Amino acid sequence: MLPSPLGASAAAQRVAVLDWAIAETLFALGKPPVALVAASDWNRFVVEPRLPAGTADIGIQQEVNFELLAALRPDIILTSPFSQDQEPALARIAPVRRFTVFEPTPSPLERPRRLTRELGAMIGAERQAEALITYSDAQFAACRARLARLRLPPVLLVGFLDARHVRAYGGVGLYQNVLETLGLQNAWTKPTNAWGFATTGIEGLATDKDVRLITFQPVPPDALPTLAQSPLWRELPFVKAGHMSTLPPVLMFGALPAALRFARLLTTELERVAE
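Residue 208 in numbering that gives the first Met the number 0 is what sits at position 209 of the sequence shown, and the numbering runs on without skipping anything.
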């Protein structure tokens, strides 16, 4: 890890962020950014914490509003590999620091914990970073203990793209990391891409096992009404059994705060349907 370009004044930095996983971790450490990509979508897809009023929206990762960003005069710009092609232009505005927010690791959630420590070191919040990790681990353990008392089928995690296609989550993704941390079995055992999901047609969800389908808001408004008319959909075992749940949004490419949100939401829902 390189030291912060501003050294001891790190806590006073005006930080611009080009990755939501970095941003949500900074919020959790008590250091909200002054500027953020796709800020107008934050409250819809990340949900918590709510984005403070006045947070500047500097465009999307692939098309940053450089003029606005320069006018905001950030002290440092934090990026991830998703936006590394823009770093030369960003560096003309302020020092740039890139963080790895996603990579396969031997143990679940190792990368989000590392990101928390790296950001904590950068802003002089090492104690807060360790406290966040300790708190999160305790919450994961509590959720795992609550779920261990239940008899649960494997869960099938999907995000609807439209009425015919879904993303099925597994592999090395954040959702799978949380399932493993909570001691849950993923019903999706087919290959996924490098980001931990596979795009499949509805027929790809066919299984003869007792599973619970878990999907996430926002669901395309016509998806479920259209599927309700599909003979193929209606014959899927989890549909016939009514074993379907919809969770509020959870940031798929998130860090420790998103993992904690998913663990809480999933545990509460599985307890509810097990009653």
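Every residue gets a Cβ at the ideal spot worked out from N, C-alpha and C, and that includes glycine.
Just so we're clear, the structure is a prediction, and the values are computed from it rather than from any experiment.
Span separating the alpha-carbon of residue i from that of residue j
i	j	result
Gly203	Gly169	14 angstroms
Arg13	Ala141	36 angstroms
Ser39	Leu255	22 angstroms
Leu50	Leu118	19 angstroms
Glu125	Tyr134	14 angstroms
Ile122	Leu17	17 angstroms
Glu102	Lys189	20 angstroms
Gly253	Ala167	17 angstroms
Glu268	Glu66	45 angstroms
Ala162	Ala69	42 angstroms
Pro80	Leu114	14 angstroms
Ala205	Pro111	33 angstroms
Val45	Val249	6 angstroms
Ala257	Asp207	31 angstroms
Ala240	Arg91	58 angstroms
Leu259	Gly29	17 angstroms
Gly58	Leu25	19 angstroms
Leu223	Leu173	25 angstroms
Pro4	Val33	Note on Pro4: pLDDT 42, under 50, position unreliable in the model; no value is reported.
Asp221	Gln127	44 angstroms
Opening and closing residue of the beta strand (DSSP E) in which residue i lies
i	result
Leu156	154–159
Val171	Unbroken run through Val171: none, as it is neither H nor E.
Thr245	243–246
DSSP three-state assignment for residue i, whether helix, strand or coil
i	result
Ser135	helix
Gly200	strand
Arg166	strand
Met251	coil
Thr285	No answer is possible for residue 285: the residues shown for the chain start at 0 and end at 274.
Ala15	strand
Lys208	coil
Ala240	coil
Glu234	coil
Leu183	coil
Ala124	coil
Bounding residues of the alpha helix (DSSP H) (the contiguous stretch that carries residue i)
i	result
Thr267	255–273
Arg211	It is not in any alpha helix (DSSP H) - Arg211 instead sits in the beta strand (DSSP E) that spans 211–215.
Val100	Segment: none, Val100 is in no alpha helix (DSSP H) and carries neither H nor E.
Pro220	First-last for Pro220: undefined, no H or E at that position.
Lys189	Here Lys189 belongs to no alpha helix (DSSP H), and DSSP marks it neither H nor E.
Pro107	No alpha helix (DSSP H) contains Pro107, which DSSP labels as neither H nor E.
Neighbour flag for residue i against chain D, beta carbons, 9 angstroms
i	result
Pro248	The structure shown contains no chain D, having only a single protein chain.
key: Length at least 3, wholly inside the stretch 17–96: the beta strand (DSSP E) runs in chain order   = 75–78
key: Sufficient close CB pairs (3 or more, under 8 angstroms) joining the stretch 217–233 to the stretch 194–208   = yes
message = Could you check whether the stretch 67–86 touches the stretch 208–219, counting it as contact only if at least three pairs of C-beta atoms, one from each stretch, sit closer than 8 angstroms?
response = Segment contact: the stretch 67–86 against the stretch 208–219, fewer than three CB-CB distances shorter than 8 angstroms; contact not assigned.
message = Within 8 angstroms, do at least three Cβ pairs link the stretch 92–101 to the stretch 50–62?
response = Taking 8 angstroms as the limit for Cβ pairs, the verdict is that the stretch 92–101 does not touch the stretch 50–62.
inquiry  = Taking 8 angstroms as the cut-off, does the stretch 148–157 touch the stretch 79–88 (at least 3 CB pairs, one atom from each stretch)?
reply    = no
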